[in-house]
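**Q**
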């Protein structure tokens, strides 16, 4: 037995519902079958199953329950009964198929024809009824498939397969619009079907027609696609030799989801209005299910992304969109053993990102070794990186292991890789290619079981063109690239970082500092931080060390920050003083530039400051428009 209800009319029309041992039906959301129908009671009726069969019981409803048009209080249901509840009619099905009646002898009679009312059914009418039954069967199958589908790919495959049973299409496609597309008419997901092949890799579809149907929300039927003036020049139709095509929009919640696209090149087969109506009905039934499945898949994707972020161990601080993208990238690349090149301005936290990659990799229990290629001379860098043998050069009194050996099994972080001298670049290239090296002054080849993470704030492509960096090494390092955003591109993280540094340095200075004043917070957010996070930390450390209040005040911040601090209208306060200082600076600079005839160098001499400092003041005080005029 397979007890089930098929909704013939009402809000659940087209759905197939499997019955449990006890199934309640009503308007309330707590029912097993909840129907949004004001004519139903909150708990309308109950269907229970036992060995004797399934029984429908009216639970004292206002409008009653009807079986085959007869009101009932309690009724044992039979296969094929129709249950009417408010505006809904359900078909009760118990068996998978009817049992054929046994064969009986036939007796021919010469009795006269019936003389009463006679109904005659022509052949074409019988064909129509057969076709209607087939279409209804298709809708029932699709309704069942919708209930069973757990993902879009499975639903699309069954949908196109069942449509193909009722429509003479050779190929079909389900095209779903990209939810994040900028233009709104690009298809982000496509599913193809071909008769006799089921799901297939490729089906030729006219993008122009699909966009037109999705944009206008109107179905399209053409049986002369190659001859008609509208589409005869479409390259995709010519390539597929499409003679008949049928395209129906998928719409849910008054929004376009995509298109069901069917085509055939058979000159004998064509589509008619009945096919159009059937596919339109299928589209109406399937669109809501597709919308829900897309939402479920999006939620699953978001859950995976959030789990990756939560599971990712790191010491970086930031919740902005740019930093979330960095965390996602690290989560994807960390489990691999690929070489990573970290790019970004100085002070953006490239070493913290490198440590996060190591911490979340299979090498996390092995050493993380960092070396700054810009901080050492060429000779010292070679010794630090590769190690040396005793007596290899003057002062080499003992054998020394290099960073490559110390990092065995772990991660080697090469900071400021763009400053590495060319001779060392050639040796590092061999390490990356062959995974082996020798100590300085040694002859024994050592294996390098390491993962390399490099970082630079230089434009390596430009350095390659200028001959300052080896092209082959650049390609070896640039396997996976991760760019750390500057602080000015993630200003939402400035208050969070500032609060972290206040807590950190107040503990070091043994001062009770609760946080930042509103004016100080606004000034920090207005500054563009050319030195990035490192400059912000220095500014907070200075403010904690020199401040005397439990909150960091505006006057505690560095002068460079105060120069761009926004004006406030809070009456007489420290901000008035800083505004007066800024106005005085502006007047002095404008007067000096006027006296020097527009020469910044001469103006700097008049002001007794360095020209670079004068340039910074002009930029921070926004004086360039005044000087140009």
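In my numbering, the protein residues as written are 36 to 664. Just so you know, even glycine gets a beta-carbon here, dropped at the ideal spot from N, CA and C.
1. Cα-Cα, which of 46, 623, 86 and 197 is closest to residue 124?
2. Can you check which of these residues, 211, 656, 347 and 64, is closest to residue 387 by C-alpha distance?
3. Would residue 404 pass as a contact of residue 448 if the rule is Cβ separation under 9 Å?
4. How long is the line joining the alpha carbons of residue 373 and residue 350, rounded to whole angstroms?
5. From what residue to what residue does the beta strand (DSSP E) around residue 226 run?
6. Could you spell out where the alpha helix (DSSP H) holding residue 507 opens and where it closes?
7. Ignore the nearest five residues each way along the sequence and tell me which others in residue 95's own chain have a CB closer than 8 Å to its CB.
8. For residue 498, collect the residues of the same chain with a Cβ closer than 7 Å to its Cβ; drop the 5 residues on either side in sequence, then sort them by chain order.
9. In chain order, what residues of the same chain have a beta carbon less than 6 Å from the beta carbon of residue 541, not counting five sequence neighbours either side?
10. Looking only at its own chain, which residues have a Cβ that is under 8 Å from the Cβ of residue 320, when we skip the five neighbours before and after it?
11. Buried or exposed for residue 210, please, with buried defined as at least 16 other CB atoms from any protein chain shown within 10 angstroms of its CB.
12. Using a 10 Å radius around the Cβ and a threshold of 16 neighbouring Cβ atoms, would you call residue 289 buried or exposed?
13. Measuring alpha carbon to alpha carbon, tell me which residue in 57, 78, 54 and 228 is nearest residue 65.
14. For residue 659, which residues of its own chain have a beta-carbon under 8 Å away from its beta-carbon, when the five flanking residues on both sides are left out?
15. Establish whether the CB of residue 190 and some CB of chain C are separated by less than 9 Å.
16. If I follow the unbroken alpha helix (DSSP H) through residue 570, where does it start and stop?
17. Report back the beta-carbon spacing between residue 556 and residue 521 to the nearest angstrom; my notes put them in contact at under 8 Å.
18. Kindly confirm or deny that the segment 490-497 and the segment 313-329 touch, where touching means at least three C-beta pairs closer than 8 Å.
19. Can you have a look at residue 226 and say buried or exposed, based on whether 16 or more other CB atoms are within 10 angstroms of its CB?
20. Of the residues 567, 538, 626 and 599, which one's Cα is nearest the Cα of residue 586?
21. Check for me: the alpha helix (DSSP H) holding residue 499 runs from which residue to which?
22. Classify residue 257: buried if its beta carbon has 16 or more other beta carbons within 10 angstroms, exposed otherwise.
23. Roughly how many whole angstroms lie between the Cα atoms of residue 102 and residue 238?
24. Counting C-beta neighbours from all protein chains within 10 Å, is the total for residue 44 16 or more, i.e. buried, or is it exposed?
25. Does residue 80 come out as helix, strand or coil in the three-state DSSP assignment?
26. Count the other C-beta atoms from every protein chain shown that fall within 10 angstroms of the C-beta of residue 450, then say buried if there are 16 or more, exposed otherwise.
27. Who are residue 586's beta bridge partners in DSSP?
28. Does residue 453 come out as helix, strand or coil in the three-state DSSP assignment?
**A** In short:
1. Looking up residue 124 in the chain shown gives position 89. Out of 46, 623, 86 and 197, 46 has the C-alpha closest to the C-alpha of residue 124.
2. Against the chain shown, residue 387 aligns to sequence position 352. Of the candidates 211, 656, 347 and 64, the one whose C-alpha sits nearest the C-alpha of residue 387 is 347.
3. Looking up residue 404 in the chain shown gives position 369. Looking up residue 448 in the chain shown gives position 413. Yes.
4. In the chain shown, counting from the first residue as 1, residue 373 sits at position 338. In the chain shown, counting from the first residue as 1, residue 350 sits at position 315. In this structure, the straight-line span from the alpha carbon of residue 373 to that of residue 350 is close to 22 Å.
5. Along the chain shown, read from residue 1 onward, the residue named residue 226 stands at position 191. First-last of the beta strand (DSSP E) with residue 226: 222-229.
6. Working through the chain shown from its first residue, we reach residue 507 at position 472. Where residue 507 is concerned, the enclosing alpha helix (DSSP H) stretches over 506-512.
7. Numbered from its first residue, the chain shown carries residue 95 at position 60. Contacts found: 76.
8. The residue you call residue 498 lines up with position 463 of the chain shown. Only 453 and 504 meet the Cβ criterion.
9. For the purposes of this step, residue 541 is taken as the residue at position 506 of the chain shown. Cβ neighbours of residue 541 beyond the five flanking positions: 548 and 579.
10. Stepping through the chain shown from its first residue, residue 320 is reached at position 285. Hits under 8 Å: 49, 174, 177, 178 and 181.
11. In the chain shown, counting from the first residue as 1, residue 210 sits at position 175. Under this definition residue 210 is a buried residue.
12. The count along the chain shown starts at 1 and reaches residue 289 at position 254. Counting Cβ neighbours within 10 Å, residue 289 comes out exposed, since fewer than 16 surround it.
13. Translated into the one-based positions of the chain shown, residue 65 becomes position 30. With distances taken between Cα atoms, residue 65 lies closest to 78.
14. The residue labelled residue 659 in the question sits at position 624 within the chain shown. Short of 8 Å from the beta carbon of residue 659, and not among the five residues preceding or following it, lie these beta carbons of its own chain, in chain order: 653.
15. Reference to chain C is not applicable here, since this structure consists of a single protein chain.
16. Against the chain shown, residue 570 aligns to sequence position 535. Taken as a continuous stretch (DSSP letters only), the alpha helix (DSSP H) holding residue 570 covers 567-581.
17. If you number the chain shown from 1, residue 556 lands on position 521. If you number the chain shown from 1, residue 521 lands on position 486. A Cβ-Cβ separation of about 20 Å leaves residue 556 out of contact with residue 521 under the 8 Å criterion.
18. Contact fails: fewer than three Cβ-Cβ distances are below 8 Å.
19. Residue mapping note: residue 226 aligns to position 191 of the chain shown, counting from 1. Buried.
20. By one-based count along the chain shown, residue 586 stands at place 551. Among 567, 538, 626 and 599, the Cα nearest to that of residue 586 belongs to 538.
21. Locating residue 499 in the chain shown gives position 464, where the first residue counts as 1. Here the alpha helix (DSSP H) through residue 499 covers 495-500.
22. Sequence index remark: in the chain shown, residue 257 carries index 222 (1-based). It is buried - the Cβ of residue 257 has at least 16 other Cβ atoms within 10 Å.
23. Against the chain shown, residue 102 aligns to sequence position 67. Against the chain shown, residue 238 aligns to sequence position 203. In this structure, the CA atom of residue 102 is about 48 Å from the CA atom of residue 238.
24. For this step, residue 44 is matched to residue 9 along the chain shown. Flag for residue 44 reads exposed.
25. As a first step, residue 80 is located in the chain shown; it is residue number 45 there, counting from the start. Residue 80 falls in the strand class under three-state DSSP.
26. As a working note, residue 450 is residue 415 in the chain shown. Residue environment analysis places residue 450 among the buried positions, since at least 16 neighbouring C-beta atoms fall within 10 angstroms of its C-beta.
27. On the chain shown, position 551 is the one that residue 586 refers to. In DSSP, residue 586 forms a bridge with 550.
28. Within the chain shown, the letter at position 418 stands for residue 453. Three-state result, residue 453: helix.
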